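Novice: Pasting a structure below so you can have a look.
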Amino acid sequence: MKVLVINGSPRNIGVTSKTLHVIEKELVDFGVDVEFVELGKINMSHCIGCCSCYTTGKCHIDDDAEELSKKIAEADGLVLGSPTYASNVSGIMKDFIDRGHFVIEQLLHGKYCVTVATGENYGNKDTLKVLNNLVLYSGGRLSDSVLIKAPFNDASGVEEMVNAKGKKAARKLFYGIGKKSVHPLQSLFHFIIFNFGIRSFVQKKGKKYSGVVKKWEAMGIC
128 MKVLVINGSP RNIGVTSKTL HVIEKELVDF GVDVEFVELG KINMSHCIGC CSCYTTGKCH
188 IDDDAEELSK KIAEADGLVL GSPTYASNVS GIMKDFIDRG HFVIEQLLHG KYCVTVATGE
248 NYGNKDTLKV LNNLVLYSGG RLSDSVLIKA PFNDASGVEE MVNAKGKKAA RKLFYGIGKK
308 SVHPLQSLFH FIIFNFGIRS FVQKKGKKYS GVVKKWEAMG IC
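So for the sequence shown, this note's numbering puts the first residue at 128; every next one is plus one.
Right, here's the structure in full:
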């Protein structure tokens with residue numbers, strides 16, 4: 128069993144990182160092969176909106192973002208975490224969402240996922256919603272969502288909550304992958320989004336989106 132844990136915070140010692148490391152440790156204790164990725168440390172350029180990836184099946188920018196997408200495609204599960212910046216995900220997480228072949232290309236098809244959002248105020252709920260929608264729109268199954276409210280860069284007062292929520296999320300992800308858990312409502316939601324939104328949009332694009340169709344065919348969803 129292979130799981131990627133992706134820290135979307137530019138800080139590697141903040142609340143987001145600490146929560147993700149709790150999940151990582153619990154998964155490792157279960158015998159899972161876990162790779163922890165710090166988005167703030169990889170070489171990743173901005174998406175320039177050329178849409179060439181929809182034709183060729185890959186981004187023309189040859190950097191770490193493209194390699195990370197390949198690792199996600201090969202993994203069984205994914206943990207995505209981000210702090211809250213202006214009631215949204217961090218800048219580097221948004222860059223990876225734009226570069227990561229997620230929604231149109233259905234990168235998370237059949238994969239079990241956990242989302243983590245941290246923040247000091249109300250906006251962290253919006254951040255979690257962005258991550259949850261990303262998973263569901265991209266064909267993934269949401270095993271758990273973790274919301275942590277904590278002072279900026281300070282987990283000292285919420286360590287018990289971080290440990291409890293992190294361990295619970297790890298267990299749900301582990302058993303979800305192992306038992307191939309079914310999520311009927313999520314499946315119905317994705318069916319509607321994909322068949323009445325994404326699929327029809329791609330079909331109208333014709334050859335310009337031929338790379339997308341080839342990926343769908345390879346995953347057995349076309």
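The beta-carbon is built from N, C-alpha and C at its ideal position, and this holds for glycine as well. Just so you know, these numbers come straight off a predicted model, no measurement behind them.
#1: Runs of 3 residues minimum, wholly inside the stretch 203-265: which ones carry the beta strand (DSSP E) assignment?
#2: From GLY324, PHE328, THR242, pick the residue whose C-alpha is nearest to that of GLY267; which is it?
#3: Thinking C-beta only, is ASN259 closer than 8 angstroms to LYS276?
#4: What did DSSP end up calling ARG268 once you bin it into helix, strand or coil?
#5: Quick one: Cα of PHE328 to Cα of VAL285, how far?
#6: Just the Cα atoms here: how many angstroms apart are GLY135 and CYS349?
#7: Can you list, in chain order, the residues of its chain whose CB lies under 7 angstroms from that of ILE304, leaving out five sequence neighbours each side?
#8: Using the rule of at least 16 other Cβ atoms within 10 Å of the residue's Cβ for burial, across every protein chain shown, is THR245 buried or exposed?
#9: What are the boundary residues of the beta strand (DSSP E) that VAL161 is part of?
#10: Quick one: measure Cβ to Cβ for GLY141 and ASN248, integer angstroms, because I've assumed they're closer than 8 angstroms.
#11: So, using beta-carbon positions, are LEU261 and LEU269 closer together than 8 angstroms?
#12: Please name the residue in THR211, GLY237, THR146, CYS186 whose C-alpha comes closest to that of LYS314.
#13: Since LYS335 contacts THR182 with CB under 8 angstroms, what's their CB separation in whole angstroms?
#14: Counting pairs of Cβ atoms below 8 angstroms between the stretch 170-185 and the stretch 224-233, do you hit three or more?
#15: Span of the beta strand (DSSP E) holding ILE133?
#16: Closer than 8 angstroms, CB to CB, is SER196 near chain C or not?
#17: Does LYS185 come out as helix, strand or coil in the three-state DSSP assignment?
#18: What residue range does the alpha helix (DSSP H) around GLY293 cover?
#19: Quick check: what's the CA-CA separation for CYS186 versus LYS168?
#20: Taking all protein chains shown into account, decide if ALA297 is buried (16 or more other Cβ within 10 angstroms of its Cβ) or exposed.
Specialist: With the given structure in hand:
#1: 204-210, 239-246
#2: THR242
#3: no
#4: strand
#5: 44 angstroms
#6: 31 angstroms
#7: MET128, ASP203, GLY204, TYR239
#8: buried
#9: 160-165
#10: GLY141 to ASN248, Cβ: 16 angstroms. No contact.
#11: no
#12: Sequence inspection shows Ser at residue 314; the Lys mentioned does not correspond to that position. Taking only the C-alpha atoms, the option nearest SER314 is GLY237.
#13: 6 angstroms
#14: yes
#15: 129-134
#16: Within the model displayed, chain C is absent; a lone protein chain is all it includes.
#17: coil
#18: 286-306
#19: 20 angstroms
#20: buried
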